[in-house]
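One structure below.
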Amino acid sequence: MKIIELLKEKRGVSFEFFPPKNQKDKDILLETARELSGYNPIFVSVTHGASGYQNAQKPPIEYTKETVLELKNTLKLNVMAHLTCIAHTKDELLEFLSFYRKNDIDNILALRGDIPKNGERRGCTHAKELIELIKEHFDEEFCIGVAAYPEGHPESPNMEWEIKYFKQKVEAGASFAITQMFFDNSYYYEFLDLCHKANIDIPIIPGIMPITNIKQISKFASMCGATIPSYITDALENLSEEDVIKKGVEIAINQCEDLIKNGVRHIHFYTLNRSKATLNILKALKL
Ligand code: FAD
80 MKIIELLKEK
90 RGVSFEFFPP
100 KNQKDKDILL
110 ETARELSGYN
120 PIFVSVTHGA
130 SGYQNAQKPP
140 IEYTKETVLE
150 LKNTLKLNVM
160 AHLTCIAHTK
170 DELLEFLSFY
180 RKNDIDNILA
190 LRGDIPKNGE
200 RRGCTHAKEL
210 IELIKEHFDE
220 EFCIGVAAYP
230 EGHPESPNME
240 WEIKYFKQKV
250 EAGASFAITQ
260 MFFDNSYYYE
270 FLDLCHKANI
280 DIPIIPGIMP
290 ITNIKQISKF
300 ASMCGATIPS
310 YITDALENLS
320 EEDVIKKGVE
330 IAINQCEDLI
340 KNGVRHIHFY
350 TLNRSKATLN
360 ILKALKL
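This note's numbering runs 79 ahead of the 1-based position in the sequence shown.
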């Protein structure tokens, strides 16, 4: 079902997963998705590519396609496929989109993806061009989501630039957006304000990453330009692994409570294919 219709109808949550490369990780993902499905997510999404597929046996898109179908067919979830465009030709992109259409996948997160190390761009240079390609060949058949960056994309020199190109994605046909992870809600509220001033009025779903490991979160945050406030790093300092997870859950609960208090109706969780932290947050939020 098209996500935008569901967002209009009801409050709720959604979960991001990445495609596993072996049977053991596949079993873990299915168990995670099964547990989280008890919270009736509006949708779940499956990433495409990103890092970690350098030595994989198949092209990254094949893992994404398999996982999308598995979650849809086995657990009957409403699945959104991420599609990154920079490293694929337009013909390849159209082939992937036809595959999703044939398999009744209604939702695509249209992304540029990170620029390959050799700098080569094959299909579209920016996410906006992928949206245009989808609209040209599939008209209104897909509901299209896009990425949003409350602190600005690392390549954007300032927020004016960020909003200008974000708006172009909306004008090209994006129906909703999901934000990059952030830990200080004031970035999200300021971003919403800038969007409002620029007459951008699509739903912008906050993306929340529960902290479960300090090294890992610091790496992710520095890669995507998300600020980890010092009150968080101070609170996590010198804690045991187990206590970091507990504290990370507590931090995410506070963050979500504040979002809900400020009128947010939908929250997207970056699960990293594990359910425990997200389940604890959802239990505490009584969602
Ligand atoms: P774009 O919207 O194209 O923007 C990229 C940069 O170019 C921005 O600075 C923008 O301001 C600028 N820009 C846009 N148009 C123009 C123009 N015409 N001229 C000049 N500058 C322009 N990555 C993956 O590899 N796989 C995933 O599954 C994945 N999922 C993600 C999910 C979410 C919710 C988010 C927030 C990010 C995800 N990413 C994923 C990361 C994303 O691919 C990277 O952040 C990438 O560097 C940018 O993608 P984009 O779609 O935001 O690009």
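By construction, the Cβ of each residue, glycine as well, lies at the ideal position given by its N, Cα and C atoms. These numbers were taken from a predicted model, which means no experiment stands behind them.
query: Under the three-state DSSP convention, the category L115 falls into; result: helix
query: Neighbourhood of T146 by C-beta, 6 Å cutoff - its chain only, sequence neighbours within 5 removed; result: P98 and V125
query: Exposure of P295, with buried meaning 16 or more beta-carbon neighbours within 10 Å; result: The sequence shown places Gln at residue 295, rather than the Pro named in the question. Q295 is exposed by the Cβ-count criterion.
query: Same chain, Cβ closer than 6 Å to N157, neighbours up to 5 away in sequence not counted; result: M80 and F122
query: Buried versus exposed call for Q136 [16 or more other C-beta atoms within 10 Å across all chains shown]; result: exposed
query: Endpoints, the alpha helix (DSSP H) within which F178 is located; result: K169 to K181
query: T258 (DSSP reduced to helix, strand or coil); result: strand
query: Exposure of P308, with buried meaning 16 or more beta-carbon neighbours within 10 Å; result: exposed
query: L188 in three-state terms, based on DSSP; result: strand
query: Alpha-carbon to alpha-carbon, A189 and L273; result: 22 Å
query: First and last residue of the uninterrupted alpha helix (DSSP H) at F270; result: N264 to K276
query: Pocket of the ligand FAD defined by Cβ to heavy atom distance under 5 Å; result: T126, H127, G128, A129, H161, T163, L190, R191, G192, D193, H205, A206, A226, H232, E234, S235, Y244, I257 and Q259
query: Nearest-angstrom Cα separation, counted from L148 out to N182; result: 8 Å
query: Given 8 Å, three or more beta-carbon pairs between the segment 195-211 and the segment 137-144; result: no
query: Check whether M260 and M238 have beta carbons under 7 Å apart; result: no
query: Residues that I330 bridges to, as DSSP identifies them; result: Paired residue(s): none; I330 is not in a bridge.
query: The segment 204-215 touching the segment 244-259, judged by at least three CB pairs closer than 8 Å; result: yes
query: Opening and closing residue of the beta strand (DSSP E) in which F94 lies; result: G91 to F96
query: Residues of its chain near A166, where Cβ-Cβ distance is below 7 Å and the 5 sequence neighbours each way are ignored; result: G192, P195 and R201
query: Q310 classed as buried or exposed, judged by whether at least 16 other C-beta atoms fall within 10 angstroms; result: According to the sequence displayed, residue 310 carries Tyr and not Gln. It is exposed - the Cβ of Y310 has fewer than 16 other Cβ atoms within 10 Å.
query: Assigned secondary structure, F299 (DSSP; H/G/I helix, E/B strand, else coil); result: helix
query: Proximity to A305 [Cα-Cα], best of I360, G128 and P229; result: P229
query: Separation of S116 from T153, as counted between CA atoms; result: 12 Å
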